[in-house]
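Beneath this line is the structure, given in structure tokens, with notes to follow.
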Amino acid sequence: MRNSEIAQLLGTIASLLELKGENRFKQIAYADAARQIENWPIPVEDLWKDGRLRKIPGVGEGIAKKIAEYLETERCGFLEELKEEIPLELLELEKVPGVGPKLALMLYQELGICSISALEESVRGGQLRSLPRLGQKSEQNILRGIETLYKQSGRIPLGVAMPVAEGIVAQLRNTCALQEIQVCGSLRRWKETIGDLDLLVSAMDAEPVMKAFITMPEVAQILGVGPTKSTILTSSRLQIDLRVVPPDSWGAALQYFTGSQAHNVHLRELAIRQRMKLNEYGLFSMEDNQKLAGETEEGIYQTLGLEWVPPELREDQGEVEAAQKKCLPRLVELKDIRGDLHTHTEWSDGRDSLAEIARAAERMGYQYLVISDHAQALGVANGLTWERFLQQRSELRSLEFGSGFQVLWGVEANILNEGRLDFPLDSFVTFDLVLAGIHSGLSQTRIQITQRVARALSSGRVDILAHPTGRLIGKRNPFEIEIGEVMATARSVGAALEINTSPERLDLKDIDARTARDKFGLKLALGTDAHSTKSLETMRYGVALARRAWLEPRDVLNTFTLRELCDWIVRRRAQNNPLISR
DNA sequence: GCCGTTTTCGGCCCGACTGTTTTCAGTCG
């Protein structure tokens, strides 16, 4: 799938057009198309072959031609021409916070600057002051921006940001008088990583809230303070924006600050078409400027003729159209989850005992828990031999639980070279549930890894493919794998794909999980991959990811009752080997 | 360059904050 590559091409064109000072709307058109394609679930090559490129919103005659040219010839003449005029390096300059397209272009034209190091040099040399409207404060701003850029390790994983946000919300709620406080932005949409943290407060008087905010012990630097909006940097270099609005604008502000930008733009366009205007203070009539909604988010959506859209869906990926037709999905919720399908104990590399993790799952109100310790080929994780697995089963059978709870005896097998597994294939039917995943040979070629996984799945012995792409967010790229091919194989043997809910992994990612369901009709299995009882709580990140993938309860294996789950396993196994029955 | 529940032409989301300035352009989200 080359969607990202094509999105990047169009995005570069958009940026260069912006630098060049081209018609703003032309530039926006390229940026819109890029964003649509980045998140488009179907390979753009397929659409191109079928002559349906213009099915993508934002792709018209001109952009379709450029995509076609690129797919045919691996180059884009228009981009080449632009690069002749504007050096590509200028895009680097724009990454410095505080440097936008206008300044970047001026720096290049007036001072010949086209790299961050050259920028830093000329600021320190005082050359910047020769330019109009740039003084001492601007110099400081730019130096600070460069420093931020150097220190920034990129976006912050959801699993890191969420607990921090929850702590700060609790703190502010206790220290000052406010009516409501809510995390907004990409964190409320549960994106896998976030750029900064957006907090929204409703209060009659903003001043004490602002004061409490900028004097929190976490504050390392105050980047801006206004009467209704302030920005700080924590000592862990997390940027936090706080906005205070009056209570009667709460809903409008909540909607506005949750985004995404694309979703908001879509809503405001919808408003204009209905002779209304939407901003963070409310929804207004264009005729008499009368306020039509604003106290609640539901009111905003309703007045626009839409169903309320859950934050996880607000990416302008079809949710606005679905909300218009009142056919948004009934998204899976944490309370639908009846069990965890992937956990480890001290038998392999987990921290807690079988009994401890099982009792923790029981306390969470689950109906079942799958213990899935590593198998022998994963030596570093103390993988179990066949004999030790049998001993583990004895221990498991000796434990007693309440009548509504059961532990399933599973395994996380290793997909070895050529797609073999740790034990002879027939032995796997002994386990209640078989997960398998790749833990070695991560740098194999795309063809090798794809075939390896396809062979393992084709054995019919794997119920769930664990962490299908092997990525560690911000640390390790997914391995090269043709995920569409893997999904097709999974469908042919009725296997499910895991959504590994560990916030380090979140694998499959949202867009792939949506494809797995939409295009291949696959079931998804949420597994925390917990190596301690505490990590069982990461299920909420996986549920959020499933919601971002538009999944309904019936798409998620964990929503099944124990009976339904066992039936699914038996049916799946019988389909692949009619002789096997339990 | 895209697009249509007023339009195939004429629109295209909206506001806060900053800096250097006397009224606003640039940046950001």
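For any residue, its number in my numbering is found by taking its place in the first sequence, counting from 1, and adding 207.
Even glycine gets a Cβ: it sits at the ideal position worked out from N, Cα and C.
Predicted model, so just to flag it, every value in this text is computed and none were measured.
What are the boundary residues of the beta strand (DSSP E) that residue i is part of?
i: Thr652; result: Per DSSP, Thr652 belongs to no beta strand (DSSP E) and is neither H nor E.
i: Ser792; result: As shown, the chain starts at 208 and ends at 789. That puts residue 792 outside it, with no answer to give.
i: Val577; result: 575–581
i: Ser393; result: It is not in any beta strand (DSSP E) - Ser393 instead sits in the alpha helix (DSSP H) that spans 392–395.
i: Leu548; result: 546–550
i: Leu335; result: Neither: Leu335 is in no beta strand (DSSP E) and is coded neither H nor E.
i: Leu289; result: Leu289 -> not in any beta strand (DSSP E); alpha helix (DSSP H) instead, spanning 284–292.
Among the residues of its own chain, which have a CB less than 6 Å from the CB of residue i, if the five just before and after it don't count?
i: Val306; result: Leu300
i: Gly790; result: Since the displayed the chain opens at 208 and closes at 789, residue 790 lies outside it and no answer follows.
i: Gly557; result: His551, His738
i: Leu223; result: Leu289, Ile293
i: Arg380; result: Ile388
Check whether the Cβ of residue i lies closer than 8 Å to any heavy atom of the ligand COA, and answer yes or no.
i: Val516; result: Although the ligand COA was asked about, the structure shown includes no ligands whatsoever.
What are the boundary residues of the alpha helix (DSSP H) that residue i is part of?
i: Glu373; result: 365–382
i: Phe464; result: 457–465
i: Leu561; result: 561–570
i: Ala311; result: 308–318
i: Gly269; result: 268–280
By the three-class DSSP mapping on this structure, what secondary structure does residue i have?
i: Asn784; result: coil
i: Gln215; result: helix
i: Trp616; result: strand
i: Ser634; result: helix
i: Trp775; result: helix
i: Gln343; result: helix
i: Asp762; result: helix
i: Ala663; result: helix
i: Ser555; result: coil
i: Gly402; result: coil
i: Ile511; result: Residue 511 is actually Leu in this sequence, not Ile. Reduced to three states, the DSSP call for Leu511 is coil.
i: Ile671; result: strand
i: Val303; result: coil
i: Glu387; result: strand
So is residue i buried or exposed if we call it buried at 16+ other beta carbons inside 10 Å?
i: Ile680; result: buried
i: Gly267; result: exposed
i: Ser610; result: exposed
i: Gln446; result: buried
i: Gln599; result: buried
i: Ser337; result: exposed
i: Asn684; result: exposed
i: Asn230; result: exposed
i: Cys283; result: buried
i: Glu288; result: exposed
i: Pro675; result: buried
i: Met187; result: Past the boundaries of the shown model lies residue 187; the chain is included only from 208 to 789, so the question cannot be answered.
i: Thr768; result: exposed
i: Ile429; result: exposed
i: Asn471; result: buried
i: Ser807; result: Outside the displayed span of the chain (208 to 789) sits residue 807, for which this structure offers no information.
Given residue i, which residues of its chain have a CB within under 7 Å of its CB, disregarding the five upstream and five downstream residues?
i: Leu278; result: Glu252, Trp255
i: Gly218; result: Ala238, Ala241
i: Glu689; result: Arg653, Thr657
i: Asp719; result: Ile690
i: Thr355; result: Pro304
i: Asn794; result: Since the first and last residues shown for the chain are 208 and 789, residue 794 lies out of range.
i: Ser211; result: Glu245
So, at 8 Å on beta carbons, what are the nonlocal neighbours of residue i in its own chain, with the 5 sequence-adjacent residues on each side left out?
i: Leu461; result: Gln389, Cys391, Leu407, Glu504
i: Glu494; result: Arg482
Exercise for the section: Kindly provide the ranges of any alpha helix (DSSP H) runs that are 4 or more residues long and lie completely inside the region 218–261, ordered along the chain. Expected result: As summarised for the region 218–261, the continuous alpha helix (DSSP H) elements at least 4 residues long and confined to that stretch are 231–245, 251–256, given in chain order.
Exercise for the section: Return the chain-ordered ranges of every beta strand (DSSP E) run that is complete within the region 681–750 and spans a minimum of 3 residues. Expected result: The region 681–750 contains these whole beta strand (DSSP E) runs: 703–707, 731–734.
Exercise for the section: Run through the region 584–609 for me and flag every whole alpha helix (DSSP H) of 4 or more residues, listed as ranges in chain order. Expected result: With a minimum length of 4 residues, the continuous alpha helix (DSSP H) runs that stay inside the region 584–609 are 593–605.
Problem - 3-residue-minimum beta strand (DSSP E) runs that sit fully inside the region 421–503, ordered along the chain - result: Listed in chain order, the complete beta strand (DSSP E) runs (minimum 3 residues) inside the region 421–503 are 426–432, 436–441, 446–452, 483–486, 489–492, 498–500.
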